[in-house]
Each structure stands twice: as C-alpha cells, then as structure tokens.
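A.B. asks:
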Amino acid sequence: MAAAQLLSCPSGPPHICRIPNASTFPPKPFPRFPARSRSKTLTLQASASRIPPTAASSAAAAPAAAAAAAGFRHCFSKGEDGFLYCEGVRVEDVMEAVERSPFYLYSRDQITRNFEAYKEALEGLKSVVGYAIKANNNLRILEHLKGLGCGAVLVSGNELRLALRAGFDPTRCIFNGNGKLLEDLVLAAEKGVFVNVDSEFDLENIVTAARVIGKRVPVLLRINPDVDPQVHPYVATGNKTSKFGIRNEKLQWFLDAVKTHSSEIDLVGVHCHLGSTITKVDIFRDAAILMVNFVDQIRAQGFQLEYLNIGGGLGIDYHHTGAVLPTPLDLINTVRELVLSRDLTLIIEPGRSLIANTCCLVNRVTGVKTNGTKNFIVIDGSMAELIRPSLYGAYQHIELVSPPLPNAQTSTFDVVGPVCESADFLGKDRELPTPAKGAGLVVHDAGAYCMSMASTYNLKMRPPEYWVDNGSVAKIRHGEMIEDFMKFFDGLDIRHGVSFRHHSFSDLSFQATEGGRWFFFFVESTLQRNWNAVGLLPPAERGDIYLTRCSWFGLDVLRSCRLEIGAFTKVTRRSCCHRLAHMATDIYQNGSNGNAQHDPQRSYQVVVAATQDMGIGKDGNLPWKLPSDLKFFKEVTMTTSDPSKRNAVIMGRKTWESIPPQNRPLPGRLNVVLTRSGSFDIATAENILMCGSLSSALELLAATPYCLSIERVFVIGGGQVLREALNAPGCEAIHLTDIETSFQCDTFIPPVDCSVFQPWYSSFPLLENSIRYSFVTYVRVQSSGTEPHATRDGEVVDSKSIKDMFKVERFLFLPKLIYERHEEYAYLRLVKDIIANGAQKNDRTGTGTLSKFGCQMRFNLRRSFPLLTTKRVFWRGVVEELLWFISGSTNAKVLQGKGIHIWDGNASREYLDSVGLTHREEGDLGPVYGFQWRHFGAEYTDMHADYTGKGFDQLSAIIDKIKNDPDDRRMILSAWNPSDLKKMALPPCHMFAQFYVENGELSCQMYQRSADLGLGVPFNIASYSLLTCMIAQVCDLLPGDFVHAIGDAHVYSTHVRPLEEQLQKQPKPFPVLKMNPLKKDIDSFVASDFELVGYDPHNKIEMKMAI
1 MAAAQLLSCP
11 SGPPHICRIP
21 NASTFPPKPF
31 PRFPARSRSK
41 TLTLQASASR
51 IPPTAASSAA
61 AAPAAAAAAA
71 GFRHCFSKGE
81 DGFLYCEGVR
91 VEDVMEAVER
101 SPFYLYSRDQ
111 ITRNFEAYKE
121 ALEGLKSVVG
131 YAIKANNNLR
141 ILEHLKGLGC
151 GAVLVSGNEL
161 RLALRAGFDP
171 TRCIFNGNGK
181 LLEDLVLAAE
191 KGVFVNVDSE
201 FDLENIVTAA
211 RVIGKRVPVL
221 LRINPDVDPQ
231 VHPYVATGNK
241 TSKFGIRNEK
251 LQWFLDAVKT
261 HSSEIDLVGV
271 HCHLGSTITK
281 VDIFRDAAIL
291 MVNFVDQIRA
301 QGFQLEYLNI
311 GGGLGIDYHH
321 TGAVLPTPLD
331 LINTVRELVL
341 SRDLTLIIEP
351 GRSLIANTCC
361 LVNRVTGVKT
371 NGTKNFIVID
381 GSMAELIRPS
391 LYGAYQHIEL
401 VSPPLPNAQT
411 STFDVVGPVC
421 ESADFLGKDR
431 ELPTPAKGAG
441 LVVHDAGAYC
451 MSMASTYNLK
461 MRPPEYWVDN
471 GSVAKIRHGE
481 MIEDFMKFFD
491 GLDIRHGVSF
501 RHHSFSDLSF
511 QATEGGRWFF
521 FFVESTLQRN
531 WNAVGLLPPA
541 ERGDIYLTRC
551 SWFGLDVLRS
561 CRLEIGAFTK
571 VTRRSCCHRL
581 AHMATDIYQN
591 GSNGNAQHDP
601 QRSYQVVVAA
611 TQDMGIGKDG
621 NLPWKLPSDL
631 KFFKEVTMTT
641 SDPSKRNAVI
651 MGRKTWESIP
661 PQNRPLPGRL
671 NVVLTRSGSF
681 DIATAENILM
691 CGSLSSALEL
701 LAATPYCLSI
711 ERVFVIGGGQ
721 VLREALNAPG
731 CEAIHLTDIE
741 TSFQCDTFIP
751 PVDCSVFQPW
761 YSSFPLLENS
771 IRYSFVTYVR
781 VQSSGTEPHA
791 TRDGEVVDSK
801 SIKDMFKVER
811 FLFLPKLIYE
821 RHEEYAYLRL
831 VKDIIANGAQ
841 KNDRTGTGTL
851 SKFGCQMRFN
861 LRRSFPLLTT
871 KRVFWRGVVE
881 ELLWFISGST
891 NAKVLQGKGI
901 HIWDGNASRE
911 YLDSVGLTHR
921 EEGDLGPVYG
931 FQWRHFGAEY
941 TDMHADYTGK
951 GFDQLSAIID
961 KIKNDPDDRR
971 MILSAWNPSD
981 LKKMALPPCH
991 MFAQFYVENG
1001 ELSCQMYQRS
1011 ADLGLGVPFN
1021 IASYSLLTCM
1031 IAQVCDLLPG
1041 DFVHAIGDAH
1051 VYSTHVRPLE
1061 EQLQKQPKPF
1071 PVLKMNPLKK
1081 DIDSFVASDF
1091 ELVGYDPHNK
1101 IEMKMAI
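Residue numbers for the sequence shown follow full-length UniProt numbering, so the first one is 1 and each next one is one higher.
(1) Quick one: measure Cβ to Cβ for ILE387 and GLY417, integer angstroms, because I've assumed they're closer than 8 Å.
(2) Evaluate SER8 with the Cβ neighbour count: other Cβ atoms within 10 Å of its Cβ, from every protein chain shown; 16 or more gives buried, anything less gives exposed.
(3) From the DSSP secondary-structure annotation, give me the bridge partner or partners of ASN375.
(4) Whole angstroms are fine: how far does the CA of GLY82 sit from the CA of LEU125?
(5) So for PHE201, helix, strand or coil by DSSP?
(6) With distance defined between alpha-carbon atoms, name the residue in LEU955, CYS173, GLY930, ASP753 nearest to GLU881.
(7) Could you say which of LEU814, ARG299, MET481, ASN224 lies nearest to LYS1068 if we only look at CA atoms?
(8) In or out: MET651 buried (at least 16 other Cβ within 10 Å) or exposed?
(9) Using the Cα positions of VAL713 and VAL649, report the straight-line distance between them to the nearest angstrom.
(10) Should GLY313 and ILE278 be called a contact, given that it needs their Cβ atoms to be closer than 8 Å?
(11) In terms of DSSP beta bridges, what is PHE775 paired with?
(12) Please state the DSSP three-state secondary structure of CYS855.
(13) Could you pull the DSSP bridge partners for SER974 from this structure?
(14) Can you give the Cα-Cα distance for LYS119 and VAL129, rounded to whole angstroms?
(15) Name the one or two DSSP bridge partners that ASP1048 has.
(16) Does the contact criterion of 3 or more C-beta pairs under 8 Å hold for the stretch 175-183 versus the stretch 388-398?
(17) Less than 6 Å between C-beta atoms, sequence neighbours within five positions excluded: which residues of the same chain meet that for LEU145?
(18) Taking all protein chains shown into account, do 16 or more other C-beta atoms lie within 10 angstroms of the C-beta of LEU340, making it buried, or fewer, making it exposed?
(19) Between which two residues does the beta strand (DSSP E) containing VAL1093 stretch?
(20) Taking buried to mean at least 16 other C-beta atoms within 10 Å of its own C-beta, is LEU185 buried or exposed?
(21) Quick one: Cα of ASP746 to Cα of GLY718, how far?
(22) Could you check where the beta strand (DSSP E) with THR345 kicks off and where it finishes?
(23) Report buried or exposed for ALA323, applying the criterion of at least 16 other Cβ atoms within 10 angstroms of its Cβ.
(24) Would you tell me roughly how many angstroms separate the C-alpha atoms of ASN999 and ALA957, rounded to the nearest one?
(25) Could you spell out the range, first to last residue, of the alpha helix (DSSP H) harbouring MET486?
(26) DSSP three-state call for GLU92: helix, strand or coil?
(27) Can you give the Cα-Cα distance for VAL1034 and LYS1079, rounded to whole angstroms?
(28) Cutting at 6 Å between CB atoms, please list the residues of its own chain near GLN409, excluding the five before and the five after it.
(29) Taking the beta strand (DSSP E) that ILE387 belongs to, which residues open and close that run?
(30) My guess is that THR640 and ARG646 are in contact by the Cβ rule of under 8 Å, so how many angstroms apart are they, rounded?
(31) Given SER452, which residues of its chain have a CB within under 8 Å of its CB, disregarding the five upstream and five downstream residues?
(32) At least one CB of chain B closer than 8 Å to the CB of GLN304: is that the case?
(33) Could you spell out the range, first to last residue, of the beta strand (DSSP E) harbouring PHE1019?
(34) Return the chain-ordered list of same chain residues with a C-beta closer than 7 Å to the C-beta of GLN301, the five sequence neighbours on each side being excluded.
(35) Sorted by chain position, which residues of the same chain lie with C-beta nearer than 7 Å to LYS428's C-beta, five sequence neighbours on each side aside?
(36) Per DSSP, what kind of secondary structure is SER644 in: helix, strand or coil?
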C-alpha cells in the first residue's frame, strides 16, 4: 500500500491515520518510497490489535516503581513476526507514512518511565532533577519533562530562553558552563536561575550581572574533584586536565571573593560534574565524599550551604548485550547517606540516561556494495544527523526494521552514509542480513547528543522528529528544508553594508547599515589572503573613536579604528559597549604534531656537550677528552631508519675548523657550514654545503633534493649557532652530554628551557678519564616557552592558552637508539616477555597467571620521575597510600575517606572472613606495611590502638643512619615480619627496601616477592621512587637510582588483553617531580607538597584486581 493511500482517512479525525491490519502489508523486497507529503501536522495511530505478543507484553508498562527498580529497558523491540516495533507501532509502517527519511522516532512513554525511575530513587531526599537540555533540545520533549516535574540544566543563554519557553520554573534551573556571556548572566540573574561559578572571570561577570539587575544571584561553586570517570576523554569533565571547574587549591580565593561580594551573590551550594557514559556508581560516591568534605569546610567559614549538585553522566547499555548497568536507584543509594548526614538538597543533572534509549534514527537503505574485502550498507542517514560514531568512535546498536529476505546472507558490514567524508559511518563491522534496497534500518539509542549535535554538512537538512504516544505517532519537530537555509541570505545587500578606507593601518572607517547589530563583511585588501571575515558591532554614537589592537597570524595590523554610524542607524551605548572587544578577533594557527607550526624550514635536533653551567668550550676547543662522547655523537648523527638516506650536520665556521683536517668533512653525513665570509675557502665536495645563516640552511634542506635524501638534521656548534638553535621553534630535541666535573669555559649556551623540553632519556652517571658525566636527551613537548602543564596532588595547577602552545604527542623523530632507551621500555619489554614466554601457574585468587622468576628494572631519579605514560597511573593514590604507610596506619577507611579505594577488596567483611580474620573490624588490615615500618615487633591489637613509642621505628632509624653513617650496609626497611603474617589481611608483596648513598645521592633497591605487572608494578615503581626522593630531601641528598628487584613477576590471565593494548602505546616523556623544599621531616609531608610537571599519559586502561 502506498503512503498516499495510507494517509487517506476520511472517516477519521484530521491528520490521523489508522494503520491497516498486518495482512495488508505482505513483505516486499523493494518497498515503495513514500510520497513527499508536506503535511506539517501528520499523526499516525496504531490499533491495539496490531501489537504482536512480544511487543504487546513490552508495551504493557509496569508501574513506575517497578520500572525504577528494574532500570531502563529498550522501548524498541522485535515482534514474533520479525518486525521492529516502538510501543506497539510497527516502525516500517511509520516509514511508509511520514514525509521523508531519515527521521528520529521517540517513545513518549519511555521518557516518562525514565523520569519516574529517578523520581522513585530520590524518595526520602530533598531533591531537584535537572534535565540537561544539551542532550536533546526538542521543545515538545522539554514541555513533557517539565510537566513530569523536571527542572532544567542549561549551558547557554539560548537554552535558558528555550527552557522559559517550555515553561520551566527558573528557580529550578541551573546555569552551567565555563564561558557564560554577560548578557546571558543578566537574563539568568533577572529570572532567579541558579548559576554555577566556574572561574575567576565567571565570578566577576556574575557580580556584574547582579549589579545590573539589582538582585542577589544564587550561586554554586563548580569544583573540579579530579575524579577519573573512566570514559572517553571528550566526555570527561571532572579530571585534572578538564577546562571545567575550580581546583581545590583556589577554593579559598573564591570563598573570600564571595564574602567580599555578599551583596551581589549568595553562595548556596557546591557542584561537580564528572563526565558522561559513566557505568560505575562508585565513581559518583568518590566524588560525593570529596564534595561533602568541601561542604563541611565551607560551612565552617559561616556559609549556609543547602545544595549538593553531583551532576549527571549515568551511562546506558548502548551495546544491547543485556549488561547489568547501574540504575538511578543504584546511583542515588551510593550518595544517599552522605546527603542526609549533611541535610542537603541533592541536585542531579541527567541527560543521556533520561532520553538516549527513548529514540531511534530511522533510515532507508540506498544500496549495498563491496570494495575489496569490505562490505558496505549505504543509507540515507549520515554523520550529519548522528555524529557520535564519527566523533567519539561511539557504538550504537543497529538493526533492520523488517525480516530479511529469504536466502539473505548474513555478512559483516560497515553502515555508512552519503556524506563526502570517509569518517561518515554509523557503525563498523556489524553482523547483519544483507538488506534489500529501500529497506528500513535503525540506529538505536539516538535520543541524546544526536539531533542536538546534528549539522547541515553537505547541505543535508536536519531531519523531522516524531514520537509514539499511546499508540499514535505525532510529529514533534519539522524537518528543515533547503528553503529554510536560503532564508539566511534573504535581504542582504553588502553594497550598503560596510566600507573601508585604509591609511597605513592607522585609520580605518566604516559605515553601518540600519538595524544591523551583528554582521559580516568581506575584506578587500592585502590582508584578504589571511582573513576572510570579521564580526563587528556598531559603536555607541556617531563619530566615536575607539583605540584597539588586534593580531592576525602574529602581525599587528590595526592600531586604531574610527567608527562612523550612518544617519539612520539607531543604537544605544549599552547594547554594544560590552561587545566592542569582539571587533578584533585573535586568530592563531594550530601547530602540527612533533615540530613547530607549518614552516618552509626543516626541523632539527641539537647535539652538544656542556658543563652544568652550560659551558661548551675554552679558546675554541673542548676542555675535556671523552672518547665515549665522540662515539655517542657519531652514533646519534649517523643513525637513520632508511639506509638509502643520510643525516645532515650544521655547524659554524669555527666548529668546522676545530675538526682535525683528517676527519673533515664528517663522513657519512652532509656537512653544512655556516659562514658569511666570502674569503672562506673550502674544498668543494659532494657532502659539503655552505650557507650564510641557520635559517637559510634549514630552508635549503627543506627543498629538493635534500628533503628527499636527508632524514634528520643536527645542529652541532658553535656557540652563536647553538644559542640561535636552542631558542628557535624548529628545535625538536636536544642531545646533551652533561659534564658534571667542573671545567673552566669561555663560551656558554643558554640552559635547556624546561617549560618547552622534558627529559626523554638520561643515562646513569659514567666515569671516564676522571670525568663524571651522563648522556641526556630532551624532547620538545610544547610549541613555545610557556609554563608547562603541572600537577599537584594529581591535579593540574597551571596551564596556558592553546593559542600559546600545543602538545607534542609522538616522538618518533628521535634516532632509534635514543627512542628505545626510554626507561618505560624496561617495563614494557618485561610485560611482553612474560606474555610470550611466561610459565602458566596457579595462584591464590584462582585467576591464573603467566610468570617469570628473578627480574630487575632500574630507573634514574635524577631528572625525571618514573610514572608510566603508556597508561594513566593513579598518582593521587600513590601519594596518599605512601603517606598512609609513613603514618603507620592500618585503617583502610582513612584512605576511603580520601577517595582512595585500592585496599577496599582486602578490607571488606567478605574478604576478612575468607582469610580467617572473622574477629577483625571491616577496614582493619592488620599489621601491614606502615605498622611494620614504624612499630616493628609491637603486639598488634586493632587499627584504633595507639602504638606511639611501641616497637622499633625502622623508618626513623634509617633516616638517622643516612644522615650520620651513610656508608652503613644495614639500612634496610622491612615489611616482612613472619610472626605477624597470619594477622595481616595480605602479607606484604614489597618486602624489603635497602638504601645506598654515593656522591651525595640516595638510591634505593626494593625487593618484591610477588609483582602484578598489570596493576601493581606501575604503582610500586612510583611509590618507592617517591619514598626515595622524600628521604633524600630530608637527608639533604639528591635522588639517585631506584632498582626494582622482583621474585615472581606475573601477568594475570584477565590482564593479558589490556596489557597487549598498552604495549601498542608509545611512551611519552616521564614527568618531573617537585617537592616542597621546606619539608625536612618525613612525618611533615602532606599531599599538596608534591607537584608533577608535564605528566601527559595515554588514557587509563581498565584492569580488574584479582583478590
């Protein structure tokens, strides 16, 4: 039956269609495409008899309480007849009736069920459910949620205006965002909306808005808790590198500012938002614990906090595997007692979990094709309508809406759209029956962050939206038409827009059209190649002159600007003054990875030997003789990955002349000599070039034929050339022979800029000809000399604008012999060896391991800190656990109170009972590490007892030995006490640590009887390295080496796949550890005394602890 017939319903109400009986719809291999009806008020209605048994039982919704307890279910289900149904309505019938595809199809009842699940979960709590409008901004859906009792969460002024249009109570709305505009804040202040404070300038704008309106603004402080939500980095918003929120070290500043502006703002609560698609509710609890601690601290200063906003982010089952995911009840129960104990009103901000599973994107198959071994289903939907798979690599379940044709083979397909991008896919490697042309295909769980992120790329107009409501299908949003797009250009007349006359960039005049508040103009000047359009606002009054500066591509091109308003233009000062800054927009070029921004010059590496005060020579010669240094220089500058290529070495004239004649030109390399002297006579040879400057040499090497034949470029001297090279953005690495022995020099170079470069590799100290030295390679990690990303207590404490820098993520520009010396490879090679060659062994957990015996790794602590980068290591946990050890505590609840849960499994009631410690209180680990360090030999009773002065304090004794008898060979810290082993929840794995002093440096060797390579070892390396650095500072020494000796080194069978994933990652430079230099007592350290600079690891890799 054609759609035109389906829509003709004279006996029914207007625009209502009764869907005929299923028998009138025999399966068709090529369904007829629907007529292009332009009806804007179409609704369809299903008869109850149309619902097949499986769908009918699904449609008979359980009561709200049961739905809440059971969690969310999918409202789209296959019937016994093989067709897909939405709340009893056959999706194929909807396709035949509507005006076009693709389109979004929602279940109104599912939206209700999802909200009721939150409502039921929140019983007994004072609460506000604030729907995140960014997830889906359909006005009809907003009106429905408002009617159910929902509040709204906004991130822009237009979302606030939409919420007001939908009827939301503004006093139940929360305004989020890290860049809220002043004009939007004025509207929020006027309406009484809650505003989350995100930054210093955000607070300033809120205060300004309050003064404009003359009302106090209720605010919450958005605190960044640095809790890893373990999700895609694009949707993680509560970790230390996020652009959102206030770090805890700045909290006091904000509290003082709130007190100062108490007549403008009213601090009523705190807020955090961890991210989206979170599938572990204990992550919310970790954050809530931190947040209620902040509440306590803030209340102690006299503030009357009423609200705790824990954000949203609960995930859903996108894979449709039947996975048991946390429900709203699970989420609320994890924080319920914390909220009740502080008498707070809980605000939650669900978006995805309210709306995602209520909708499908319905598409038609355009055709099927094969290229090579890859099969494609091409549909009329695309990344323009649903960008999540292309943007995030997100998975969304895909299936056909009708039974497959007889004999249709099931194959593996990529489901792709018609957009002109290889990234245009809705799903990859999906097992599907081969569909017929014109068949229906749906992408499930498309209610959130799909239509709200849709675009008109390739001029694909945004699709219409429908919902199923009590068996009827109604349109809830019109599809956009090309005519809608064309309207944006109606009535424009650029001939009477803006005119320019230039006077050496010092006087620039324009004429504004009447009524034009914002408009764009095209520049007809020599700058047209650099910028196309700039947004301008008219000034306040005719003839006003405003002085400004702006920068395009780094050039100052505008010194002042005269703005003249046409005679008929009406504009007020207030309407434009606060926007005047938008006249000149900074534009920057985003750099590429590895080197500085796109440049006609070659990038290069510096090779140099220097003393610790950066002296490089005296009287034109090297004051030291180091044969190993010459060998290192030769290996670095001659190594290539392609045997058909060679490297180039650039040097000044004096450096050339300092090379013994028999050794020049340097063999196997292109020698480039810099000289401006016309009298410089050099024998012409195939591997010698002369250039007038470093810049001209790099330009020459970037051109043919050298760009094809030269693999790497090295700058090797002399002083002036090196000074220029080290300060230029093209320098991507510095290979430094660091001479520790003192020499007199008369030529110096600048020190390595540690805000731009980080150590990649540092050899252990060497001794040759009575000269102590080491080889160090620094790599560029930022584009310019800006302060690096730093972390303190695991969180970012300083950063600069992306306009000023970019990160270098890959370091394959290094010579292979240097690249592979990164110390992380010692760990990675051990993991790889155990996976490939380890013996299969049983273990106490019953998991099974691959194991090797007697392994060792060594890490250099002199310039960097060995915190693995091929996956994220829980630094805050390392710090807090070590401080917990040092305190002598055995109470796991102390760590839990700080959001550290690494000991939870061994401290649980179930585990303690399983090891025979039935009398032990939950959380009491027994006489483990810290107890043995500080009270060895004391009689252990429980975790609450006071052991002051009892037993032997090994740690204090070792520090005393290091200070007073550093050559003692008995400086051993032992956690292994055989008489106490049965009292411990877990006998110590890292048993002994021995300390050693040499040349003013403290080294440590730790013996670990049992080492979990996946989870434990990265943590153990960091922990004992940190302990070594702390003791070194307390004893006025420098850190030296950390040696990790392992007995049974093993990989759990459940960790093999995650570790194989980690082995595919390329290391990045280790961070640099900074400690509070004032701390000279081992017991005085706190977490905030430690700062990591430049820690930029790959993402966390999930591994489950074997217990």
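For each residue, glycine too, the CB sits at the ideal point set by N, CA and C.
C.D. replies: Inspection of the coordinates gives the following:
(1) Not quite, the Cβ-Cβ distance comes to about 11 Å (not below 8 Å), so this is no contact.
(2) With a pLDDT of only 30 at SER8, under 50, the local geometry of the prediction cannot be trusted, and no value is derived from it.
(3) According to the DSSP secondary-structure assignment, ASN375 is paired through a beta bridge with THR370, PHE413.
(4) Within the model, the alpha-carbon separation for LEU125 versus GLY82 is close to 44 Å.
(5) Reduced to three states, the DSSP call for PHE201 is helix.
(6) Scanning LEU955, CYS173, GLY930, ASP753 for the CA closest to the CA of GLU881 turns up GLY930.
(7) If you compare the alpha carbons of LEU814, ARG299, MET481, ASN224 with that of LYS1068, the shortest gap goes to LEU814.
(8) For MET651, the number of other beta carbons within 10 angstroms of its own is at least 16, and it is reported as buried.
(9) In this model, VAL713 and VAL649 are separated by some 6 Å (Cα to Cα).
(10) The Cβ atoms of GLY313 and ILE278 lie closer than 8 Å to each other.
(11) For PHE775, DSSP records a beta bridge to THR737.
(12) In the three-state reduction of the DSSP assignment, CYS855 falls in the strand class.
(13) The secondary-structure analysis by DSSP pairs SER974 across a beta bridge with PHE992.
(14) Near 8 Å, if we compare the C-alpha coordinates of VAL129 and LYS119.
(15) Under DSSP, ASP1048 takes part in a beta bridge, and its partners are PHE853, SER1010.
(16) Contact annotation: the stretch 175-183 does not touch the stretch 388-398, with fewer than three C-beta pairs closer than 8 Å.
(17) The residues are TYR131.
(18) The residue in question, LEU340, is exposed, as its Cβ has fewer than 16 Cβ neighbours within 10 Å.
(19) In the DSSP assignment, VAL1093 falls within the beta strand (DSSP E) that extends over 1090-1093.
(20) Counting Cβ neighbours within 10 Å, LEU185 comes out buried, since at least 16 surround it.
(21) Distance from the CA atom of ASP746 to the CA atom of GLY718, rounded to whole angstroms, is 12 Å.
(22) 345-348 is the span of the beta strand (DSSP E), which, as asked, contains THR345.
(23) The residue in question, ALA323, is exposed, as its Cβ has fewer than 16 Cβ neighbours within 10 Å.
(24) Those two C-alpha atoms are separated by around 21 Å.
(25) Counting along the chain, the alpha helix (DSSP H) containing MET486 begins and ends at 482-486.
(26) If DSSP states are grouped into helix, strand and coil, GLU92 belongs with the helices.
(27) C-alpha separation (whole angstroms): 7 Å.
(28) Same-chain partners within the cutoff: THR434.
(29) Premise fails: ILE387 is in no beta strand (DSSP E) and is neither H nor E.
(30) With a contact defined as Cβ atoms closer than 8 Å, THR640 and ARG646 qualify at about 6 Å.
(31) Shown here for SER452: same chain residues with a beta carbon closer than 8 Å to its own, the five before and five after excluded, namely LYS134, ALA135, ASN136, ASN137 in chain order.
(32) The structure shown contains no chain B; it is built from a single protein chain.
(33) Here PHE1019 belongs to no beta strand (DSSP E); instead the alpha helix (DSSP H) covers 1016-1034.
(34) Here the set comprises LEU255.
(35) Cβ within range, chain order: ASP414.
(36) Looking at SER644 - three-state DSSP - the assignment turns out to be coil, as it is neither helix nor strand.
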